[in-house]
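Participant: Below you will find the structure I want to go over with you.
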Amino acid sequence: MSDTRTGLTRRALARAAAAGSALIAAPLPLRHALAQEKSDLRVGILLPMSGVQAQIGQICMRGADLANDVLADMKIGVKIDLLRYDTETNADVARTQAEKAIASGAHVLIGAFDSGHSMAIAQVAEQKQVPFIVNIAAAPALTESGFKYVVRNFPTAPMLVTGALTLQKDLFAAAGKTPKTAVLMSVNDTFGESMMKAIPGLAKKLEMPYEIVDVISYDPRAKDLSAEIAKAKATKAELVMPVSRLNDAKLLIQEMVKQQYEPMGIVNPGAPGLYEVDFLKTMGKFANFHVSNVPWMNPKSVMTQALEKRFAAKYKDGQVDLNVGYTFEALLIAADAWKRAQSHAGSALMEALRKTDIKDHVMTGGAIQFDAKGQNVNIKAAAVQNLKNKPTVVLPAEFAVTKPVFPMPGWRAKERG
Numbered sequence: 001m002s003d004t005r006t007g008l009t010r011r012a013l014a015r016a017a018a019a020g021s022a023l024i025a026a027p028l029p030l031r032h033a034l035a036q037e038k039s040d041l042r043v044g045i046l047l048p049m050s051g052v053q054a055q056i057g058q059i060c061m062r063g064a065d066l067a068n069d070v071l072a073d074m075k076i077g078v079k080i081d082l083l084r085y086d087t088e089t090n091a092d093v094a095r096t097q098a099e100k101a102i103a104s105g106a107h108v109l110i111g112a113f114d115s116g117h118s119m120a121i122a123q124v125a126e127q128k129q130v131p132f133i134v135n136i137a138a139a140p141a142l143t144e145s146g147f148k149y150v151v152r153n154f155p156t157a158p159m160l161v162t163g164a165l166t167l168q169k170d171l172f173a174a175a176g177k178t179p180k181t182a183v184l185m186s187v188n189d190t191f192g193e194s195m196m197k198a199i200p201g202l203a204k205k206l207e208m209p210y211e212i213v214d215v216i217s218y219d220p221r222a223k224d225l226s227a228e229i230a231k232a233k234a235t236k237a238e239l240v241m242p243v244s245r246l247n248d249a250k251l252l253i254q255e256m257v258k259q260q261y262e263p264m265g266i267v268n269p270g271a272p273g274l275y276e277v278d279f280l281k282t283m284g285k286f287a288n289f290h291v292s293n294v295p296w297m298n299p300k301s302v303m304t305q306a307l308e309k310r311f312a313a314k315y316k317d318g319q320v321d322l323n324v325g326y327t328f329e330a331l332l333i334a335a336d337a338w339k340r341a342q343s344h345a346g347s348a349l350m351e352a353l354r355k356t357d358i359k360d361h362v363m364t365g366g367a368i369q370f371d372a373k374g375q376n377v378n379i380k381a382a383a384v385q386n387l388k389n390k391p392t393v394v395l396p397a398e399f400a401v402t403k404p405v406f407p408m409p410g411w412r413a414k415e416r417g
């Protein structure tokens, strides 16, 4: 009797081993299909995990990696199989990786932080008729080019600028101090070019109280910005508006400290860089008092609190910022669309995406809804100031947890510690 039982056990083990070997040997698309039978949706997430934008891409990925847990916490009832692809901070690679994701069975694409990369992915998505949800990218062309398989849950450059400039007025009013001159310093990539194009015109339209005395552009891969800061300092502008990325934001501040250029304030008009964890750690006391006028997390949202709790449990460093928040929301949007469509067909998922209406979410603003072009127009920005090396909402009053500090203390001021 014992031998019979042993034989049965051995045969069962042999069958299990064979099944496991078959899974390992199967082609990649089939492996995903076999291993993820219990998942509801396969999502290809494309981000710059290497190259000059690697740090931000890796932070964005944390928002994706937390998605299933937070969706479960919120009882959304959708399980996602996440397929990860590195764009290598290169638009051509982004295009190739999008093709690989679709070939591997991705039902939806999400990405790609960079506007140029996102445009390349959008073209592939359109050709293959696979929905593409833009997590972060501001170039207007993404929703102005007639794409039928693209939605964007992030502001366009004009939306970013309009919200940021309006918040600047609120900042000046709250502080009782108004700069009369400003200098715009911007990266010259796809995002930067769209911002440089939008800001001067919108500043005039919104009747900003200052004159933009110069626009200084530079390569985001630059290793030295001493000449650019010297040029900005020579203008004697009272306000510096950096349209930066992470690495160049550090170079900008380091050089401003070195050259002792002390404007009334450094207020970015809707760009990354100044609130990033690595920026805060690297710059220390010199990271404080800069203001980023950007969409941010709603601290009163139950979903935000769930995301922050999961983040704190999984990661011992970092913070939930807009990179994490918007990447998570892209997965939330995909899950919501599948739940309503109950189909993996691109056309059915896209139809569901067009009818998105998510009232409970993470980022500041109204319900997540897309207009006829695929753009969420209900996003609202916040003024986030670095105080005690932590990005802190200071405006608008409905989200603020403290008052803004403006003008900023000088580089050697005791307030910096």
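Under the working numbering, think of the first position of the sequence shown as 1, with each following residue one higher. Yeah, the Cβ is synthetic: ideal placement off N, Cα and C, and Gly gets one too.
(1) By the three-class DSSP mapping on this structure, what secondary structure does E415 have?
(2) Pairing CB atoms from the segment 361–372 with CB atoms from the segment 293–300, are three or more of them under 8 angstroms?
(3) Report yes or no: do the segment 340–359 and the segment 143–153 share at least 3 C-beta pairs separated by less than 8 angstroms?
(4) Between the Cα of A397 and those of A383, R221, I110 and K233, spot the shortest distance and give me the residue it belongs to.
(5) Evaluate Q259 with the Cβ neighbour count: other Cβ atoms within 10 Å of its Cβ, from every protein chain shown; 16 or more gives buried, anything less gives exposed.
(6) Would you call the CB atoms of F279 and V257 closer than 9 angstroms?
(7) Can you give me the Cβ contacts of F154 inside the same chain, cut-off strictly under 8 angstroms, excluding the 5 residues immediately before and after it?
(8) Under 9 angstroms between the Cβ atoms of A141 and H117?
(9) I need the boundaries of the beta strand (DSSP E) containing I102, first residue and last residue.
(10) When you compare the CB positions of I212 and A203, do they come within less than 9 angstroms of one another, or not?
(11) Alpha carbon to alpha carbon, what distance is there between A271 and G163?
(12) For the alpha helix (DSSP H) that E211 lies in, which residues bound it at each end?
(13) Who does V393 pair with in a DSSP beta bridge?
(14) In chain order, which continuous runs of the beta strand (DSSP E) of length 3 or greater are located wholly inside the segment 99–167?
(15) In whole angstroms, what is the alpha-carbon distance linking Y210 and E193?
(16) Could you round the C-beta distance between T87 and L41 to whole angstroms and report it? I think they count as a contact, below 8 angstroms.
(17) Which two residues bound the contiguous alpha helix (DSSP H) that contains V70?
(18) On the criterion of 16 or more Cβ atoms from any shown chain inside 10 Å, does G77 qualify as buried, or is it exposed?
(19) If contacts are defined as beta-carbon pairs under 8 angstroms, then G44 and T89 qualify, I think. What distance do you get, rounded to the angstrom?
(20) Report all residues from its chain with a CB closer than 6 angstroms to the CB of A120; omit the five preceding and five following residues, and keep chain order.
(21) What's the gap between the Cα of L83 and the Cα of D114?
(22) I'd like to know if the segment 236–246 and the segment 53–70 are in contact, where contact means that at least 3 CB-CB pairs between them fall below 8 angstroms.
(23) Are the beta-carbon atoms of L251 and D224 separated by less than 9 angstroms?
(24) For S50, which of helix, strand or coil comes out of DSSP?
(25) Please list, in chain order, all residues of the same chain as A249 whose beta carbon is under 6 angstroms from its beta carbon, the five residues on each side excluded.
Facilitator: Once the coordinates are examined:
(1) helix
(2) yes
(3) yes
(4) A383
(5) exposed
(6) no
(7) V134, N135, I136, A137, A138, P295, Y326, N376 and I379
(8) no
(9) Not the beta strand (DSSP E): I102 falls in the alpha helix (DSSP H), residues A91 to A103.
(10) yes
(11) 12 angstroms
(12) Note, E211: premise wrong, no alpha helix (DSSP H); beta strand (DSSP E) at E211 to Y218.
(13) V384
(14) 108–111, 132–134 and 150–152
(15) 21 angstroms
(16) Going by Cβ atoms, the distance from T87 to L41 rounds to 21 angstroms, so no, they are not a contact pair.
(17) A67 to D73
(18) exposed
(19) With a Cβ gap of about 18 angstroms, G44 and T89 do not count as contacting.
(20) A91, A94 and R95
(21) 19 angstroms
(22) yes
(23) yes
(24) coil
(25) G273, L274 and F279
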